[in-house]
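There are 2 protein chains.
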Amino acid sequence: MAAGTGTTSALTRERVVVAAIALAERDGLADLSMRRLAAELGAGTMSLYNHVSDKEDLFDGMVEAVLAPVRIADSADWREIVATWATDGRQVLLDRIDLIPLVIAPQRLVHLGRISGAVGSALERAGLDPGAAATVVRVVGRYFAGAVLLDAPRLRTGGVSRAALDRTFATGLSALLSGLDAEVVG
Amino acid sequence: MAAGTGTTSALTRERVVVAAIALAERDGLADLSMRRLAAELGAGTMSLYNHVSDKEDLFDGMVEAVLAPVRIADSADWREIVATWATDGRQVLLDRIDLIPLVIAPQRLVHLGRISGAVGSALERAGLDPGAAATVVRVVGRYFAGAVLLDAPRLRTGGVSRAALDRTFATGLSALLSGLDAEVVG
DNA sequence: CGTCACGGCGTACAGCGTACGTCATCGAAC
DNA sequence: GTTCGATGACGTACGCTGTACGCCGTGACG
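Same order as they appear, the protein sequences are chains A and B.
Numbering-wise, the working numbering comes out as the position in the first sequence, counting from 1, plus 437.
Numbering-wise, the working numbering comes out as the position in the second sequence, counting from 1, plus 437.
Here it is in structure tokens:
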């Protein structure tokens, strides 16, 4: 595995992505450059481009990795599906708080969109008609996204405790669900 | 007003900010550089720094300008205050759709925060106790922010009509308000 | 009339993403 | 055992960025 190694590559897309996440969490997203990342991996800058087509592509990989642990409950109760999705998803992201700006950047919303799509399917399996499922996903999705967007910097600067934010999140979510129950699902 | 003009300055912070907004809306936020902005104004690059301390400061100015038209209703009905804020605010931002990433960037959330603060005060004037007002602001704020975040790119790529998004926004908002009415304000 | 503060400007620097060309090394084919 | 194509690592170089710094011309004031 010395220098100038051929087919047997030390670098992999996964290693690159993992190192990028670590670097971003250690030094901040703004200080994540291809040069620094390569140095961290003991590789030449351009070698990264064998596993990642772009810096944008690297970002995509990082977001996929961050979002990987988000699972969707396969329940018969639509409220449970939605609540689990929103609550767990928010926790996962708040645990990777430095990477949130990456996840919610417009170019990367597709990844969150994929999850929303899966939730929609789960809701239909739980008996909601497609229109209601779509509305529920969109509405709760907004609450979820806004929570991630707004709660993260509030935690970063330390003005509020996470427990307090969790509480108002839960309050709002349950208000939203009961309201949707009455207005949409009925 | 020829070149090298002294105290009588052609440039002003406002002119710089307005031009920056125009340029960002014409060519995209990514193509807004200090050099291009200066060229657009027929000025030298560094002259901008006489009116703006930073590119960050320029961004702040732009966000303030975008957010300026958002007003807060001074009603006795807390639901009206909240609904007006969320609905109008969302419209204002969707009208400046290219600048949204700027407004909701973590470093600039302060500006939205100022508005939230004003809404909180209005809610207390309308009779809500401070705790309830804070909860309502936080909860509705999340829905509002998420709506701006998620609806904007969906509009940009043209997959959905604005009318449809407006409808689900209104649905969700009213669900949220009735739920909050029951759970928080009582 | 002297001087002084200030706005505009050009130059220069460090850092960025990445296109491109080269070279070492491997697995497979003969 | 030898050759060959593919692949990955690497160095160099280009164009672009934000902005620190210093100079110059000007209008206002004492």
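Cβ atoms here follow ideal geometry from the backbone N, Cα and C, with glycine treated the same way.
These figures come from a predicted structure and were not determined experimentally.
Proximal chain A residues relative to SER611 of chain B, where beta-carbon distance stays under 8 angstroms: GLY616, GLU620
Option in B:LEU531, B:ILE541, B:GLY596, B:ALA571 with minimal Cα separation from VAL622 of chain B: B:ALA571
Quick one: give me the first and last residue of the alpha helix (DSSP H) that ASP603 of chain B is part of. 599-617
Short of 7 angstroms Cβ to Cβ, which residues in the stretch 560-580 of chain B face chain A? THR572, ARG575, VAL576, GLY578, ARG579, TYR580
Going straight from the alpha carbon of ASP532 of chain B to that of LEU592 of chain B, what length do you get? 11 angstroms
Going by beta carbon distance, what residues of the same chain come within less than 7 angstroms of ILE537 of chain B, once the five residues before and after it are set aside? LEU530, VAL585, ALA589
What residue range is occupied by the uninterrupted alpha helix (DSSP H) comprising HIS548 of chain A? 546-562
Any C-beta of chain B sitting closer than 8 angstroms to the C-beta of LEU592 of chain A? no
Contacts of ALA467 of chain B in chain A (Cβ-Cβ under 9 angstroms): None at all; the shortest Cβ gap to chain A is about 10 angstroms.
Closer than 8 angstroms, CB to CB, is THR608 of chain B near chain A or not? yes
In angstroms, rounded to a whole number, what distance separates the CA positions of ARG545 of chain A and VAL576 of chain B? 25 angstroms
What are the boundary residues of the alpha helix (DSSP H) that includes ASP588 of chain B? 567-593
Given a cut-off of 8 angstroms, decide if LEU495 of chain B and VAL540 of chain B are closer than it, judged by their beta-carbon atoms. no
Quick check for students: name the residue ranges of the alpha helix (DSSP H) that lie wholly in the stretch 457-485 of chain B, counting only runs of 4 or more. 471-477
Beta-carbon spacing of GLU501 of chain B, ALA510 of chain B below 8 angstroms: no
Using beta carbons (cut-off 8 angstroms, strictly below), is THR605 of chain A in contact with chain B? yes
First and last residue of the uninterrupted alpha helix (DSSP H) at GLU493 of chain A: 492-504
Determine, using beta carbons only, whether GLY465 of chain B and ASP535 of chain B come nearer to each other than 8 angstroms. yes
Since ALA584 of chain B meets chain A, which of its residues come closer than 8 angstroms, beta carbon to beta carbon? ARG579, GLY583
Any 3 or more C-beta pairs closer than 8 angstroms across the stretch 556-575 of chain B and the stretch 553-573 of chain A: no
Can you give me the start and stop residues for the alpha helix (DSSP H) that GLY526 of chain B sits inside? 515-532
Counting only beta-carbon atoms, is ILE541 of chain B nearer than 8 angstroms to chain A? yes
Distance check for ASP514 of chain B and ARG463 of chain A, CA to CA, integer angstroms please. 47 angstroms
Anyone know if the C-beta pair for ALA489 of chain A and GLY498 of chain A falls short of 8 angstroms? It is Val, not Ala, that sits at residue 489 of chain A in the sequence shown. Going by C-beta atoms, VAL489 of chain A is nearer than 8 angstroms to GLY498 of chain A.
Simplified DSSP assignment, three categories, for ASP535 of chain B: helix
Three-state secondary structure (DSSP) of VAL507 of chain B: coil
When DSSP labels each residue in this structure, what does VAL489 of chain B get in the three-state scheme? coil
Quick one: using the 10 Å Cβ neighbour count with 16 as the cut-off for buried, is GLY554 of chain B buried or exposed? exposed
Starting from the C-beta of GLY613 of chain A, find all residues in its chain whose C-beta is less than 8 angstroms away, skip the five residues before and the five after it, and write them out in chain order. In the sequence under discussion, the amino acid at residue 613 of chain A is Leu, which differs from the Gly named in the question. Within the same chain, LEU613 of chain A has close Cβ partners VAL576, VAL577, TYR580.
Name the residue from B:ALA559, B:THR521, B:LEU587, B:PRO543 whose alpha carbon lies nearest to the alpha carbon of VAL547 of chain A. B:LEU587
Have a look at B:GLY596, B:ALA505, B:SER611, B:GLY550 and flag the residue whose alpha-carbon is nearest the alpha-carbon of THR524 of chain B. B:SER611
Since LEU546 of chain B meets chain A, which of its residues come closer than 9 angstroms, beta carbon to beta carbon? LEU586, LEU587, PRO590, ARG591
Could you tell me whether any Cβ in chain A is nearer than 8 angstroms to the Cβ of PRO506 of chain B? no
Rounded separation between GLY441 of chain B and SER470 of chain B - CA only: Residue placement at GLY441 of chain B cannot be trusted, given a pLDDT of 39 that sits under 50; the coordinates are not used to answer.
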